[in-house]
Amino acid sequence: MSMDLSEFLDVFLEECFEGLEVMESGLLNLDAGTDLEEINTIFRAAHSIKGGSAAFGFEHISGFTHVMETLLDELRNGSRQVDRETVDLLLASVDLLKEMVEGLADDQVPDESRIAELKTALENALKTDSPTTRDKATQEASPTPEQTSEISCWKIRFAPCADLYREGNDPLRILEALAELGELTVVTDSGKLPPLDDMDPTTCYLQWEATLKGDITEEQIREAFIWVENNCSLEIHPMETKPDTTPASAPVASVPSSEPASPPIVEKKPVAATKETKTSRESSSIRVSIEKVDLLINLVGELVITQSMLNQVGASLVQQGGPESEALLTGLAQLERNTRELQENMLQIRMLPISVAFNRFPRLVRDLCNKMGKDVDLVLTGEQTEVDKTVLEKIGDPLVHLVRNSLDHGLETPEARKAAGKPEQGRLELSAQHESGNIVIRISDDGAGLNRKKILEKALENGLISDKEELSGERIDNLIFQPGFSTADKVSDLSGRGVGMDVVKRNINDLGGTVSIHSHEGQGSTVVIRLPLTLAILDGQLATIGGDTYILPLISIVESLQIRQENLQRMAGAAELYRFRDEYIPIIRLNNLLGNSGGTHDLEQGLLVVVEAEGQHAGLFVDRLQGQQQVVIKSLETNFQQLDGVSGATILGDGRVALILDIPGLIHLFHMKGNQPAALAVAS
Amino acid sequence: MNSNTAQKTDADMQPEQGTDQYLTFCLAGEEYGINILKVQEIRGWSEVTPMPNTPDSILGVINLRGTVVPIIELRSHFGLPTTRRGPTTVIIVVKAGDNDGVQRTVGMVVDAVSEVHNIMNTDIQPAPQIGDAAERPAVAGLATMQERMIILLDVDELMINGVLNLTSGKTAA
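Residue numbers (the working numbering), protein chains in the order written: chain A, 7 to 690; chain B, 661 to 833.
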């Protein structure tokens, strides 16, 4: 059985993580105020994790969740008040549960003692209030006698739909589950069984009637049927009479050949309200593997290329004139519009709201504040801003780092804030919005801001700048993104984890984005992250290098300029430098670096494209520039392998392949190889 | 892009048990064969976009209906002198799989394709050991057809281990 289930394990894990996220955010909302719907959501999430893990046989998870569920149930029916301790306990349980689920993937079970410890804590919490709870529970529950466990005998009529087996359900398992609850007597109704010749072995013809004795709640019985709820007609009736009652004298007379559809559906009422919202949410979206979406996006990318090829052919045909040329032009224009729209909508599918990345912060900020004795109000805005899934996955860690930084270095303790004449509660704002084809994320706090004097001292100390340099405030602030820079006075528990701001910057640059910081001493600082909406498309500058067309990512380009002889400098023989706004930048001869001997070698004949990568400027020497266009990124690794200095390839409007240059990679390559052949060419 | 998909023209010659079909092609007067199941298509010569810092035998990449496919010059890979591309020069696009089951599409430039032969497995003899056996690991065996020797190549070995050097652990996406 476990073999059969293994292929569903991934789905199960994914659902678990989603459920845990729901629980966590729900619990954090409970802090603010008690909302019954919120508790219900948490309860449902816990319940499905429990059900799923039980089906897979992960007893340590289902057992643990069961205790949590009981506690949640008490919160739900109001017999227990929501207080901070309970929420803390549940949050800790969610954490542990997350670890357990993560452990499933690599067959690790977290520390048994920790599980036991928390479980006991949960059980204790259940016990402490139990006398009052019980009283309350019985009082409140008294109008609905079915809910209480006073009834010791239940009559269950289970008439599954014909496709029960095809849905992958086994009635025997359900009955076995019932048998575990108490003393079970089952009568099988085989009245609908057709003659053997007409029988379809995958159809379910049987119905069952069962009597269950024991101290059992209706909830428990329904749980056994949880997987088939929608596939059967189920009647559960309490039997107040003596345990010996025979099925015949039960409230519902057993009619052997009764239609399975006819029995009352009224029974489902108690859960109907919550069920409805759940199903409507499920049916509004489908789960599709990301590969399928990517395949479609690729295909649409092809379509865009084909369309631009057609456009070129069409344009030349129209120039030759002809009776149909007008119609051709109209058709092509329409095709272009439609393909663009199709492409935009396809890319939309991969987009997820940024709240997926933001969701972890309420918890993080809460925990850190507790630890550091700070009081911070976290404000999230623009959570619905959508961004590509891949970007979203990769932006999480840099964001965590930046938020930690703000809490650790930026925001002061309540006392210090009071002394500075600011409100005691600090404010940390995370916002996201779309700006001209990019997503812009801002992390701003009203803390102390950056200490420019200290940054300058550190930078001098580390040799990042020379003491003669006159730097603007902004430039000083952005020094913190340089490698080998740490603003932390003392390494605390939170900072100094080996991930510096330079890593944050590099991660963001890897995504084709930029990051900068703006700070006002005493008033706080704001980090601005600018990211492309998607990794599938790139704004490119087409350039001719050595006679071939290459694509430079537009985001790295600072400016393009004509080379002027008087600004050219030479250093130590080979290296060529260009004076670019009071700065000497190295000239990288791309034709040599890319092993492309064609094109011009005379610097004054070509153009210099000034780029920025990893905090430094460099001048790329190209023959000439062509237009700018959005290109669909194709991986070289699919059929080949990664190349230094090349981040991918794309297909141009004329059907030819053009390579997309990777600026940091090129600079790295240049440092290793230098301009050696260029120096020779110039010398000759 | 005049891709002439001439593949499996002799498909009506049903292979018998223990027989495989091989597509043969010419390279500097020598005749080579590859298992036809590995061949995706045969297309005419088209302009190739060169790639920086790759061996000479890798000419560059082409656009194969939206897929970026690397192109290998088989002559220079085998150390044969390269010639001008003639009217018969074609690119044989093959599917090569590595040990992890990852399929890669690669094109190889040959002088000309000749025909499809049915070759019995029992008719294939191992290549004689000449010098360093590790030098030519891609030769699967030798067969004789109409008094001519055909060098049978193992496409997976040739492309993945020989030409693309993907087993050097750089990238195994």
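Note that CB positions come from ideal geometry on N, CA and C, so glycine has one too.
- Here H524(A) carries a strand assignment [DSSP, helix/strand/coil].
- The C-beta of N821(B) comes no closer than 8 angstroms to any C-beta of chain A.
- Per the C-alpha coordinates, the member of Q87(A), S119(A), Q636(A), P166(A) positioned closest to T134(A) is Q87(A).
- Boundaries for S99(A): no beta strand (DSSP E) harbours it, while the alpha helix (DSSP H) harbouring it runs 90–111, taken from the DSSP string.
- Annotation: the continuous beta strand (DSSP E) that includes F685(B) extends over 679–687.
- The beta carbon of V324(A) is closer than 6 angstroms to those of S331, L335 in its chain, skipping five residues each way along the sequence.
- Take the alpha-carbon of I666(A) and the one of C210(A): they are about 60 angstroms apart.
- Listed along the chain, the chain B residues whose CB falls inside 8 angstroms of the CB of R662(A) are E707, T709, N723.
- A contact between stretches requires three or more CB pairs, one per stretch, nearer than 8 angstroms, and the segment 550–558 of chain A meets this requirement with the segment 657–674 of chain A.
- For E399(A), no CB of chain B lies under 8 angstroms from its own CB, so it is not counted at the interface with that chain.
- Under the DSSP assignment, K380(A) falls outside any beta strand (DSSP E); it carries neither an H nor an E label.
- At a cut-off of 8 angstroms between beta carbons, V728(B) contacts chain A.
- Chain B places no beta carbon closer than 8 angstroms to that of G416(A), leaving this residue out of the contacts.
- With respect to the 8 angstroms criterion, G416(A) and G530(A) are classified as neighbours on the basis of their beta carbons.
- A check of alpha carbon separations from L631(A) across C159(A), Q647(A), I551(A), D650(A) identifies I551(A) as the nearest.
- For the options D508(A), L132(A), G63(A), S54(A), the alpha carbon positioned closest to that of E91(A) is the one of L132(A).
- Nearest in C-alpha terms to G432(A), of all of S566(A), V397(A), C375(A), E610(A), is C375(A).
- Restricting attention to E21(A), S566(A), E229(A), the CA atom closest to the CA of V616(A) is found in S566(A).
- Using a Cβ-Cβ distance cut-off of 8 angstroms, the segment 235–247 of chain A and the segment 189–197 of chain A are not in contact, since fewer than three pairs of beta carbons, one from each stretch, lie closer than that value.
- Within 8 angstroms of the CB of N304(A), the CB atoms of chain B belong to G726, in sequence order along the chain.
- By the Cβ-count criterion, V17(A) is exposed, with fewer than 16 other Cβ atoms from all chains shown falling within 10 Å of its own Cβ.
- I447(A) has its alpha-carbon roughly 30 angstroms from the corresponding atom of A51(A).
- With a threshold of 8 angstroms between beta carbons, G612(A) makes no contact with chain B.
- Listed in chain order, the beta strand (DSSP E) elements of length 3 or more contained wholly in the segment 550–615 of chain A are 554–559, 563–568, 574–577, 581–586, 589–595.
- The shortest CA-to-CA distance from L541(A) to any of L583(A), D394(A), I355(A) is the one to D394(A).
- Residues of chain A whose Cβ lies closer than 7 angstroms to the Cβ of V766(B) are, in chain order, N645.
- For the segment 628–653 of chain A, residues whose beta-carbon sits nearer than 8 angstroms to a beta-carbon of chain B comprise K640, S641, L642, E643, T644, N645, F646, Q647, Q648, L649, D650, G651, V652.
- Rounded to whole angstroms, G388(A) and A619(A) show a C-alpha spacing of 29 angstroms.
- The shortest CA-to-CA distance from H677(A) to any of A581(A), F646(A), G188(A) is the one to A581(A).
- If the five residues before and after L97(A) are omitted, its C-beta is found closer than 6 angstroms to the C-beta atoms of L33, all from its own chain and listed in chain order.
- Excluding residues up to 5 positions away in sequence, S562, V617, A619 lie with their Cβ nearer than 6 angstroms to the Cβ of I669(A) in the same chain.
- Counting along the chain, no alpha helix (DSSP H) covers M805(B); the unbroken beta strand (DSSP E) around it starts and ends at 799–805.
- A contact between stretches requires three or more CB pairs, one per stretch, nearer than 8 angstroms, and the segment 362–369 of chain A fails this requirement with the segment 308–328 of chain A.
- Here N602(A) is not near R585(A), since their CB atoms are 8 angstroms or more apart.
- Taking C-beta separations shorter than 7 angstroms and ignoring five residues to either side along the sequence, the partners of M711(B) in its chain run I718, G720, V721, following chain order.
- When secondary structure is reduced to three states using DSSP, I784(B) falls in the coil class, being assigned neither helix nor strand.
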